[in-house]
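Number of protein chains: 2
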Amino acid sequence: MREAALIEFIRRLSSKNCPRNAIIKGIGDDCAILRPRANQDLVFTTDFLLEGRHFELATHTAADIGYKALARSLSDLAAMGSEPLFCLVSLAIPRALASSWSKRFYRGFLALACKYRITLAGGDLARFDRVLIDVMCCGRVPRGKALTRSGAKPGDSIYVTGELGASAHGLSVLRGPFWRRHLRPEPHIEAGILLRRLGASACMDLSDGLSLDLARLCRESQVSAELSAIPVAHGATLEEALHGGEDYELLFTAASKKKIPAHLDSLPITQIGIITPGNPGRIRFDDRRLDAKGFDHFA
Amino acid sequence: MREAALIEFIRRLSSKNCPRNAIIKGIGDDCAILRPRANQDLVFTTDFLLEGRHFELATHTAADIGYKALARSLSDLAAMGSEPLFCLVSLAIPRALASSWSKRFYRGFLALACKYRITLAGGDLARFDRVLIDVMCCGRVPRGKALTRSGAKPGDSIYVTGELGASAHGLSVLRGPFWRRHLRPEPHIEAGILLRRLGASACMDLSDGLSLDLARLCRESQVSAELSAIPVAHGATLEEALHGGEDYELLFTAASKKKIPAHLDSLPITQIGIITPGNPGRIRFDDRRLDAKGFDHFA
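As given, the protein sequences belong to chains Z and W, one line each in that order.
Quick note, in this note's numbering, the first sequence goes up one by one and the last residue is 311.
Quick note, in this note's numbering, the second sequence goes up one by one and the last residue is 311.
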């Protein structure tokens, strides 16, 4: 299959499945064109998904990989409390995968895109001896209302959605419901929008493990944190819940006087600690210092 | 060097070198935040630059690679007649390159970013056994004024900026001024903006070779083309000028009654043919059919 035929396939599939949103020119030109609305900020994120680092062709189907490539970036949009608008996908593949594998990849990608009403507006294609994906997602928020990592204040309560450690545990057993959670994490777009409306003070998604991601949030906010109870996924270990990556749950803070419900739709919310003044990025758990053992690419 | 230290280095270097433009939150959060202005459209493009496909570490310095990764995407912004606004860069590298190599990469990248006043607003980092780069660039144009591939009409004149074949020739000799042109192509941002103001009917940048790229423009515009004179770079062959990639010159069309100057600033403009009705994407040169022999990733 030649490049032009693959692009034509993607264009037809995406125009059938995607909403137009504010995209006035999509696949087929040097750039995609967006007509932004007044009084909105736009948020942008980009995430690699690389064969041999983030997935293996032996254990992940093409549709799983397409799903997850988009889910990771959608989760960043959720963390800002934004509504998905459009995405670009850069895909490099061996020539042998240019036909049916790549079609299944785009079908998996577009099934999730359709669910969260995000337009596939363009991207890049290249040949490489392994599968490489980079997805850029753009979302919109009312002006000045994006949730960030830098708004947490001493005295704020710390919360997470869902349960932690499921994805890390799934990766260690490679089967069962936790493995499916690892393969197909659900981006919490609706929850992010609700948290923005409820007035959360800071938010981020848990991609590299609670201990490392909370330290990052605390550094950006120039605060410390004291953890108490952690909602460990039933069957996973406390270690997996504290340091395991790729849960894609939302970690957020809110002033202690804010009323945060026990569920957002069907998603449970747990208070896991409080923000304290002091050494930026320092975290205590069970009266001991908790080191950031989450995933660091170059550690 | 740990990931956090590298991110801090990039953040400091970019805040020292980049304009803020409309970016209200840059590196360090889940997403970058842009506050768009009224009455503007935004254009988006993304381009891979992959070790072993697009460059080799033995022949390209870290700064060359940083420069070219950005230049390719800036060239797409130029093709739409847009003004650069911000970019995201995804970089995967072996651990051994995480320190001084990656710093030189970002210095090369940011030197070009500074020249064209584009903000580095975020991106992604990963570890991989080869160097992988994906750059997303965003530009702005007055509403409804972006140049596209689809506006060419029968009777329009076809033009290119500069001379063709230099980059392909440089790649075959690996030294001298053509090799430097291959390493460090100049994105024609100013020329693109002037062509938009002059009222060009269609425009794209030449990345995969004239024969293939012109066929793409003709297909998007549902027209044919008849080529006459080609400005071959002195020392390159006609074959390199017709089919060689990576010249990053602008290919554009304009109604025959439009006055197109012989130079835009110091950049020469050459009329190379005319748009004709007929089989979309078909090109004739020297009274013969010209096959699209430019670069196809999966051919």
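Ideal Cβ positions, reconstructed from N, Cα and C, are used throughout, including at glycine.
The structure displayed is predicted, hence computed values, not measured ones.
On the criterion of 16 or more Cβ atoms from any shown chain inside 10 Å, does His255(W) qualify as buried, or is it exposed? Numbered from 1 along the second sequence, position 243 holds the residue referred to as residue 255(W). The residue is buried, with at least 16 neighbouring Cβ atoms inside 10 Å.
Closer than 9 angstroms by beta-carbon distance: list the chain W residues that pair up with Arg14(Z), in chain order. Position 2 of the first sequence, counted from the first residue, corresponds to residue 14(Z). Under the 9 angstroms cutoff, chain W gives Asp308, His309, Phe310 and Ala311.
Closer than 6 angstroms by C-beta to Ala253(Z): which residues in its own chain qualify, once you throw out the five before and the five after it? Chain order, please. Counted from its first residue, the first sequence places residue 253(Z) at position 241. Cβ within range, chain order: Leu176, Gly177, Ile242 and Val244.
Spatial neighbours of Ala212(Z) within its chain, please: C-beta separation below 7 angstroms, excluding the five flanking residues on both sides. Here residue 212(Z) refers to the residue found at position 200 of the first sequence. The answer, listed in chain order, is Leu159, Phe264, Thr265 and Ala266.
Tell me, which residues are paired with Leu2(Z) by DSSP? Here chain Z covers residues 13 to 311 and nothing more, so residue 2(Z) does not appear.
Which of the residues in the segment 124-139 of chain Z, read from start to end, lie with their CB under 8 angstroms from any CB of chain W? Ala133, Gly134, Gly135, Asp136, Leu137, Ala138 and Arg139
Could you check whether the Cβ of Asp59(W) sits closer than 8 angstroms to any Cβ belonging to chain Z? As a working note, residue 59(W) is residue 47 in the second sequence. So, interface residue.
Element boundaries [beta strand (DSSP E), containing Val101(W)]: If you number the second sequence from 1, residue 101(W) lands on position 89. Per DSSP, Val101(W) belongs to the beta strand (DSSP E) from Glu95 to Ile105.
How would you list, in chain order, the residues of chain W whose beta-carbon sits under 8 angstroms from the beta-carbon of Gly221(Z)? Within the first sequence, the letter at position 209 stands for residue 221(Z). Under the 8 angstroms cutoff, chain W gives no residues; its nearest Cβ is about 13 angstroms from Gly221(Z).
Can you name, in chain order, every residue of its own chain whose Cβ lies under 7 angstroms from the Cβ of Leu226(Z), other than the five neighbours on each side? Taking the first residue of the first sequence as position 1, residue 226(Z) is located at position 214. Around Leu226(Z): Ala237, Leu263 and Ile295.
Would you verify that the beta carbon of Pro48(W) is, or is not, closer than 8 angstroms to some beta carbon of chain Z? Within the second sequence, numbered from 1, the residue matching residue 48(W) stands at position 36. True, the Cβ-Cβ gap to chain Z drops below 8 angstroms.
With 8 angstroms as the threshold, decide whether the Cβ of Ser112(Z) is near any Cβ in chain W. Along the first sequence, read from residue 1 onward, the residue named residue 112(Z) stands at position 100. No, Ser112(Z) does not count as interfacial toward chain W.
Against chain Z: residues of the segment 23-45 of chain W by CB proximity under 8 angstroms: Ile36, Lys37, Gly40, Asp41, Asp42, Cys43, Ala44 and Ile45
Give a yes or no on whether the minimum CB-CB distance between Asp76(W) and chain Z is below 8 angstroms. In the second sequence, the residue the question calls residue 76(W) occupies position 64. Closer than 8 angstroms: no.
Taking Ser102(Z) as the query, report the chain B residues whose CB atoms sit under 9 angstroms from its CB, ordered along the chain. This model lacks chain B altogether; the protein chains it does include are Z and W.
Apart from the five residues on each side of it in sequence, which residues of its chain come closer than 7 angstroms, Cβ to Cβ, to Gly163(W)? By 1-based counting over the second sequence, the position of residue 163(W) is 151. Closer than 7 angstroms at the Cβ level, and outside the excluded window around Gly163(W), lie Ser213, Ala214 and Ser233.
Just the chain W side, please: which residues come within less than 7 angstroms of Leu315(Z) by C-beta, in chain order? Since the first and last residues shown for chain Z are 13 and 311, residue 315(Z) lies out of range.
On the three-state DSSP scale, how would you describe Pro154(Z)? Working through the first sequence from its first residue, we reach residue 154(Z) at position 142. Strand, per DSSP.
Measuring CB to CB, does Thr173(W) end up less than 8 angstroms from Leu279(W)? Working through the second sequence from its first residue, we reach residue 173(W) at position 161. Working through the second sequence from its first residue, we reach residue 279(W) at position 267. Going by C-beta atoms, Thr173(W) is nearer than 8 angstroms to Leu279(W).
Return the chain-ordered ranges of every alpha helix (DSSP H) run that is complete within the segment 107-176 of chain W and spans a minimum of 4 residues. 112-127
Check whether the segment 69-78 of chain W touches the segment 107-126 of chain W, counting contact only when three or more Cβ pairs, one atom from each stretch, lie closer than 8 angstroms. yes
Establish whether the CB of Ala91(Z) and some CB of chain W are separated by less than 8 angstroms. If you number the first sequence from 1, residue 91(Z) lands on position 79. Closer than 8 angstroms: yes.
From the beta carbon of Leu158(W), is the nearest beta carbon of chain Z less than 8 angstroms away? Locating residue 158(W) in the second sequence gives position 146, counting from the first residue. Position check: residue 158(W) holds Ala in this sequence, whereas Leu was assumed. Answer yes: the Cβ-Cβ gap between Ala158(W) and chain Z drops below 8 angstroms somewhere.
Can you confirm whether Asp168(Z), when its beta carbon is compared against all beta carbons of chain W, has any partner nearer than 8 angstroms? Here residue 168(Z) refers to the residue found at position 156 when the first sequence is read from its first residue. So no, Asp168(Z) is outside the interface.
For the segment 201-250 of chain W, list the alpha helix (DSSP H) runs that are entirely contained and at least 4 residues long, ordered along the chain. 201-210 and 222-233
DSSP beta-bridge partners of Lys270(W): For the purposes of this step, residue 270(W) is identified with residue 258 of the second sequence, where counting begins at 1. For Lys270(W), which the question treats as bridged, DSSP gives no partner whatsoever.
Compare the Cα-Cα distances from Lys341(Z) to each of Lys305(Z), Val55(Z) and Lys269(Z) and report the closest residue. There is no way to answer for residue 341(Z), as the model of chain Z reaches only from 13 to 311.
Could you work out which residues of chain Z lie near Glu232(W), taking near to mean beta carbons separated by less than 9 angstroms? For the purposes of this step, residue 232(W) is taken as the residue at position 220 of the second sequence. Result: Gly40 and Asp41.
Kindly say whether Arg107(Z), judged by its beta-carbon, lies nearer than 8 angstroms to any beta-carbon of chain W. Translated into positions along the first sequence, residue 107(Z) becomes position 95. Yes, contact with chain W.
For Asp3(W), would you say it is in contact with chain Z, using Cβ-to-Cβ distances shorter than 8 angstroms as the test? The displayed coordinates of chain W run from 13 to 311. Any statement about residue 3(W) would go beyond what the structure contains.
Nearest to Ser27(W) (by Cα), restricted to the options Gly38(W), His181(W) and Pro273(W): Translated into positions along the second sequence, residue 27(W) becomes position 15. Nearest of Gly38(W), His181(W) and Pro273(W) to Ser27(W), Cα basis: Gly38(W).
According to DSSP, Thr265(W) sits in a beta bridge with which residue or residues? The residue given as residue 265(W) occupies position 253 in the second sequence. According to DSSP, Thr265(W) bridges with Ile170(W) and Ala214(W).
Note down, in chain order, each residue of its chain lying with its Cβ closer than 8 angstroms to the Cβ of Cys230(W), except the 5 sequence neighbours on either side. Taking the first residue of the second sequence as 1, we reach residue 230(W) at position 218. These residues qualify, in order along the chain: Ala164, Ser236, Ala237, Ile287, Pro292, Gly293, Arg294 and Ile295.
Chain-ordered chain W contacts of Arg161(Z) [CB-CB under 8 angstroms]: Against the first sequence, residue 161(Z) aligns to sequence position 149. The answer, in chain order, is Gly40, Asp41 and Asp42.
Compare the Cα-Cα distances from Leu82(Z) to each of Ile281(Z), Pro96(Z), Ile272(Z) and Leu69(Z) and report the closest residue. Here the question's residue 82(Z) lines up with position 70 in the first sequence. When only C-alpha atoms are compared, the closest one is Pro96(Z).
Should Phe310(W) be counted as a contact of the ligand PLP given a C-beta to heavy atom distance under 7 angstroms? Summarising the ligand content, the structure contains no ligands, and the ligand PLP is consequently not present.
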